[in-house]
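S.K.: I have a structure I would like to understand better, so I am pasting it below and will then ask my questions one at a time.
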Ligand SMILES: [Fe+2]
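In the numbering used here, the protein residues as written are 75 to 367.
Below is the structure:
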């Protein structure tokens, strides 16, 4: 069996050098423990995804896990989309044109074709605003899915929320939120199109949060993982960390995830406001030039 985690965050953006060093060492230790064969570094586009990939690749060079270059990009509609590349060079070239909030989700297929990327729709029903269903509705999601290589059918980050829901069924006051969490953890079959690959990913933002990944019995020829993934694999679930977590550890992981979500929300908002005001200034300047001409 070969295992793939196609959604993983190094999460070292703006960290102090000492903190980054410690976190990377923990990534190495945990990945060595889970023994996942391939892990895609899918840092958010607004958190220096190339740096994240290089840090993680270098930190894990002496274990069997191969780190794959990728980015979790964000469209002008505020929707997350993962683009996975064959090489560091391809990722470097692609992220120049994948600036946060500067491209349309409707151009996903064109971007993937032009940059030779594997496209993956992450957590379509996520309760936050960055999911494709929240952004363009179920119909839009199904239209874009028909043009993508993969859809994420399990997202490990929602496992924490599922665990809370299992223990405290009334934790989520709004029924819709609880339903979206469930669909993020396990996407119902009616939302999975034939011919689209099925990704099962951890979406881990911290070392030790990788518990569920995808596995397959298919064979990769000549180490060509990119060509292999291009064939749109339907992964099965593999639990890579069955450690019984103490209540303290569970609480710590929840707080880590919560802090991370809040931090990313602020970063995104700042980036969005800056991008929009830059766009408005440019449009105003263009108007003046036109009038003067
Ligand atoms: Fe993510």
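All C-beta atoms in this analysis are idealised placements derived from N, C-alpha and C, irrespective of residue type, glycine included.
#1: With a threshold of 8 Å on Cβ separation, who are the neighbours of residue 123 within its own chain once the five nearest residues in sequence on each side are excluded?
#2: In this structure, does DSSP put residue 194 in helix, strand or coil?
#3: Comparing alpha-carbon positions, which option in 193, 113, 179 lies nearest residue 305?
#4: If you scan the region 174 to 218 from start to end, which runs of the alpha helix (DSSP H) of 4 or more residues do you find wholly inside it?
#5: Using C-beta distances below 8 Å, list every residue in its chain close to residue 350, excluding the 5 sequence neighbours before and after it, in chain order.
#6: With H, G and I counted as helix, E and B as strand and the rest as coil, what does DSSP make of residue 157?
#7: In this structure, does DSSP put residue 220 in helix, strand or coil?
#8: Counting only runs of 3+ residues fully inside the region 248 to 288, write out the beta strand (DSSP E) ranges in chain order.
#9: Does the Cβ of residue 81 lie closer than 7 Å to at least one heavy atom of ligand 1?
#10: Out of 342, 331, 181, 94, which has the shortest C-alpha to C-alpha gap to residue 121?
#11: What did DSSP end up calling residue 313 once you bin it into helix, strand or coil?
#12: In three-state DSSP terms, what is residue 151?
#13: Any heavy atom of ligand 1 within a distance shorter than 7 Å of the CB on residue 189?
#14: What are the boundary residues of the beta strand (DSSP E) that residue 80 is part of?
#15: With respect to 7 Å, is the separation between the Cβ of residue 213 and the closest non-hydrogen atom of ligand 1 below this value?
#16: How about residue 261 and residue 198: do their beta carbons lie closer than 8 Å?
#17: Just to confirm, is the Cβ distance from residue 217 to residue 225 under 8 Å?
#18: Out of 131, 275, 338, which has the shortest C-alpha to C-alpha gap to residue 195?
#19: Helix, strand or coil: how does DSSP classify residue 374 here?
#20: By a C-beta neighbour count over all protein chains shown, 10 Å radius and 16 as the cutoff for buried, is residue 85 buried or exposed?
#21: Classify residue 126: buried if its beta carbon has 16 or more other beta carbons within 10 angstroms, exposed otherwise.
#22: With a threshold of 7 Å on Cβ separation, who are the neighbours of residue 266 within its own chain once the five nearest residues in sequence on each side are excluded?
#23: Is residue 77 near residue 312, with beta carbons less than 8 Å apart?
#24: Run the CB neighbour count on residue 136, radius 10 Å, all protein chains shown included, and call it buried at 16 or more, exposed below.
#25: Taking its Cβ as the centre, do 16 or more other Cβ atoms sit within 10 Å of residue 357, making it buried, or is it exposed?
#26: Which residue from 223, 360, 258 puts its Cα closest to that of residue 204?
M.R.: Put simply:
#1: Here the set comprises 115, 116, 117, 144, 145, 146, 165, 169.
#2: Here residue 194 sits in strand by DSSP.
#3: Minimum Cα-Cα distance from residue 305 among the listed residues 193, 113, 179 corresponds to 193.
#4: Within the region 174 to 218, the runs of alpha helix (DSSP H) that reach at least 4 residues and sit entirely inside it are, in chain order, 182 to 189.
#5: Shown here for residue 350: same chain residues with a beta carbon closer than 8 Å to its own, the five before and five after excluded, namely 175 in chain order.
#6: Correct three-state label for residue 157: strand.
#7: Assigned with DSSP and collapsed to three states, residue 220 falls in coil, not helix or strand.
#8: Entirely contained in the region 248 to 288, the beta strand (DSSP E) runs reaching 3 residues are, in chain order, 271 to 275.
#9: For ligand 1, at least one heavy atom lies less than 7 Å from the Cβ of residue 81.
#10: Nearest of 342, 331, 181, 94 to residue 121, Cα basis: 342.
#11: Secondary structure of residue 313 (DSSP, three-state): strand.
#12: For residue 151, the three-state secondary structure derived from DSSP is coil.
#13: No, the beta carbon of residue 189 sits no closer than 7 Å to any heavy atom of ligand 1.
#14: Start and end: 76 to 82.
#15: Residue 213 Cβ: outside cutoff for every heavy atom of ligand 1.
#16: Residue 198 is positioned such that its CB atom lies closer than 8 Å to that of residue 261.
#17: In this structure, the beta-carbon distance from residue 217 to residue 225 does not fall below 8 Å.
#18: Closest in alpha carbon position to residue 195, among 131, 275, 338, is 275.
#19: The structure shown has nothing for residue 374, since the chain only spans 75 to 367.
#20: Buried, since its Cβ has 16 or more Cβ neighbours within 10 Å.
#21: By the 10 Å Cβ count, residue 126 comes out buried.
#22: The residues are 225, 227, 272.
#23: Yes, the pair counts as a contact, with Cβ atoms nearer than the cut-off.
#24: Residue 136 should be labelled exposed.
#25: Flag for residue 357 reads exposed.
#26: Selection 223, 360, 258 evaluated against residue 204 yields 258 as nearest (Cα-Cα).
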